[in-house]
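Undergrad:
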Amino acid sequence: MQKRWYDFLYVKSPIVKIGLGTLAILLTLGVIALQLLMEEPRMEAQTASWEGRSIEIGADLFANNCASCHGIEGKGLQGVAPALDSRYFFSQRLNDVGFTGTQDQYIALTLHAGRPSKVDTQWANVMATWGSEFGGPLRADQIDHLVSFVMNWEETALAQTPEEDPWQFFQDALSKQLPYDPSEPGYQTKLDQAVAAAEAAGVSNYSIGGVEVQAPTADEAADAGPRDPEELFTTMACIGCHNLDQDQTPDNRGITAPNLGNLAEVAGDMVPGQDAATYVYNSIVAPNDYIVEGYLPGVMTQNFAEQMSEEEIQAMVEWLLSR
Ligand code: HEC
Ligand code: HEC
């Protein structure tokens, strides 16, 4: 019989047949094992790139929807919205509000539902509802991206010293403790600020960081005499919205509120019939009566007339116009 070219494939010896079969099985197993080994790093790389992408999309959404209140870097704005890139936010806030879920669930919940029911808050506006299922403007996947973006601050936020942490005292969910070690830089300043904020909010019978807070009674406050306007500009949080050093010009407008550097020059020309002192006085006690062009009504705190005495407001007007 003529030999065909592929005759060499016919193996006669059973031993060689078994050997070849075993080898083939081993090879197959080897390939499978190798793939299993590669799968883990491949999945990790995939997840990392997906997360990176999600954080990026979240960053865009944040810049467009959230930065006006929470600040471009999430450090919060005094009197407007709390800090999110904050050690307090990632280490203590959930304990203080009594939320038992995880940090990302807390952020997701706040975003989907907002905190729309508040009637009295330390912030200029309430946190709106964002989830479309509750009538807000954002889809669920967009909220997922925002959660990734905010969570992405966790690592750096937890490394903040008390001094660097932009946390502002919450008046309606009092901090049960300071999330810092007393030996860290800025601890005392942060504690003093929290105590001052608690007192200013009229909180009593409350202790933080080992300090008992007793809000001064109305009589004590009156005895202490009028507070200094410059100090009030900080404690009343004016400084969080207004820049005192820069001028307000068409090319240099304050983001949240007008710069007050050149207030003395412009105040007399704002509202016909009001001289500079009347205009500034009205701007403080009834901000919505006249809205500076390009800004929103309702942003500036509306009840300063209740938080400062008449004498203190007059002194504030004088100080603002004499700087
Ligand atoms: C109009 C201003 C405003 C805008 C815009 C805004 N927020 Fe808020 N946000 C607030 C205020 C005020 C609070 C605090 C609410 C409270 O505790 O009553 C808050 C609370 C939060 C909290 C919870 C913080 C905490 O410590 O409990 C998160 C998270 C948050 N906002 C994320 C966002 C994100 C993300 C966006 C953009 C989609 C956004 N916010 C847009 C004002 C705003
Ligand atoms: C939460 C932000 C916010 C805080 C806090 C705030 N303001 Fe304002 N302020 C605004 C905004 C926004 C405007 C412009 C809209 C308007 O006319 O009400 C404004 C307007 C003014 C004006 C008029 C400025 C101009 O250029 O015509 C004065 C004066 C002023 N504020 C003083 C103060 C003083 C004093 C305090 C503290 C006691 C204070 N503001 C606290 C947001 C704020």
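If you read the sequence shown in numbering that gives the first Met the number 0, its first letter stands for residue 0, the second for the next number, and so on.
A virtual CB, placed ideally from N, CA and C, is assigned to each residue, including glycine.
Closer than 6 Å by C-beta to G239: which residues in its own chain qualify, once you throw out the five before and the five after it? Chain order, please.
TA: Counting from 1 along the sequence shown, the entry for residue 239 is found at position 240. Correct list, in chain order: L76, Q77 and G78.
Undergrad: Reducing DSSP to helix, strand and coil, say where G100 ends up.
TA: Residue numbering aside, residue 100 sits at position 101 when the sequence shown is read from its first letter. DSSP places G100 in coil when its eight states are reduced to three.
Undergrad: What are the uninterrupted segments assigned as alpha helix (DSSP H) that are 4 or more residues long and contained completely in the region 49-116, given in chain order?
TA: With a minimum length of 4 residues, the continuous alpha helix (DSSP H) runs that stay inside the region 49-116 are 66-69, 86-90, 92-96 and 102-112.
Undergrad: With a CB to CB cut of under 6 Å and the five nearest residues on each side skipped, what residues in its chain are close to M126?
TA: The residue you call residue 126 lines up with position 127 of the sequence shown. So the list reads G113 and R114, once near-sequence residues are dropped.
Undergrad: Have a look at W4 and S12 and give me their C-alpha separation to the nearest angstrom.
TA: Within the sequence shown, numbered from 1, the residue matching residue 4 stands at position 5. Within the sequence shown, numbered from 1, the residue matching residue 12 stands at position 13. Using only the alpha carbons, I get a separation of about 19 Å.
Undergrad: Could you check where the alpha helix (DSSP H) with N281 kicks off and where it finishes?
TA: Along the sequence shown, read from residue 1 onward, the residue named residue 281 stands at position 282. From DSSP, the alpha helix (DSSP H) with N281 extends over A275 to V284.
Undergrad: Given a cut-off of 9 Å on the beta-carbon distance, is the pair A256 and Y294 in contact?
TA: Within the sequence shown, residue 256 is the residue found at index 257, counting from 1. Within the sequence shown, residue 294 is the residue found at index 295, counting from 1. Yes, the pair counts as a contact, with Cβ atoms nearer than the cut-off.
Undergrad: Looking at the secondary structure, which residues open and close the beta strand (DSSP E) in which Y205 lies?
TA: Translated into positions along the sequence shown, residue 205 becomes position 206. Segment S203 to I207, the beta strand (DSSP E) holding Y205.
Undergrad: Considering only C-alpha positions, which residue in the set Y87, A156, A195 and D171 is nearest to W122?
TA: Start at 1 with the first residue of the sequence shown, and residue 122 comes out as number 123. Looking at the Cα atoms, D171 is the closest of the given residues.
Undergrad: May I ask which residues mark the beginning and end of the beta strand (DSSP E) holding E211?
TA: Working through the sequence shown from its first residue, we reach residue 211 at position 212. Where E211 is concerned, the enclosing beta strand (DSSP E) stretches over V210 to Q213.
Undergrad: Quick check on the burial criterion: 16 or more other C-beta atoms within 10 angstroms. Buried or exposed for S174?
TA: Translated into positions along the sequence shown, residue 174 becomes position 175. Buried, because 16 or more other Cβ atoms sit within 10 Å of the Cβ of S174.
Undergrad: Less than 8 Å between C-beta atoms, sequence neighbours within five positions excluded: which residues of the same chain meet that for A62?
TA: Translated into positions along the sequence shown, residue 62 becomes position 63. Once the five neighbours on either side are set aside, the close Cβ partners of A62 are I71.
Undergrad: Would you say the beta carbon of S174 is closer than 8 Å to some non-hydrogen atom of ligand 1?
TA: Reading the sequence shown from its first residue, position 175 is the one you call residue 174. Because no heavy atom of ligand 1 lies under 8 Å away, the Cβ of S174 does not count as near it: no.
Undergrad: On the three-pair Cβ rule with 8 Å, is the region 185-202 touching the region 160-168?
TA: A contact exists between the region 185-202 and the region 160-168.
Undergrad: Out of Q273, V212 and E230, which has the shortest C-alpha to C-alpha gap to A314?
TA: As a first step, residue 314 must be located in the sequence shown, where it is residue number 315. Looking at the Cα atoms, E230 is the closest of the given residues.
Undergrad: What are the start and end residues of the alpha helix (DSSP H) that includes H340?
TA: The chain is shown from 0 up to 322; residue 340 falls before or after that span and cannot be answered.
Undergrad: Evaluate Y280 with the Cβ neighbour count: other Cβ atoms within 10 Å of its Cβ, from every protein chain shown; 16 or more gives buried, anything less gives exposed.
TA: Position 281 of the sequence shown, counted from the first residue, corresponds to residue 280. Buried is the call here.
Undergrad: Given the structure, does Y186 come close to ligand 2, in the sense that its CB is under 8 Å from one of the ligand's heavy atoms?
TA: Here residue 186 is taken as the residue at index 187 of the sequence shown, counted from 1. Incorrect: Y186 has no Cβ contact closer than 8 Å to ligand 2.
Undergrad: Looking only at C-alpha atoms, which of K16, L60, T234 and A23 sits nearest to L137?
TA: Counted from its first residue, the sequence shown places residue 137 at position 138. Out of K16, L60, T234 and A23, L60 has the C-alpha closest to the C-alpha of L137.
Undergrad: Ligand 1 and F129: does the residue's C-beta get closer than 8 Å to at least one heavy atom of that ligand?
TA: For the purposes of this step, residue 129 is taken as the residue at position 130 of the sequence shown. The identity of residue 129 in the sequence shown is Trp, whereas the question assumes Phe. Correct: W129 has its Cβ closer than 8 Å to ligand 1.
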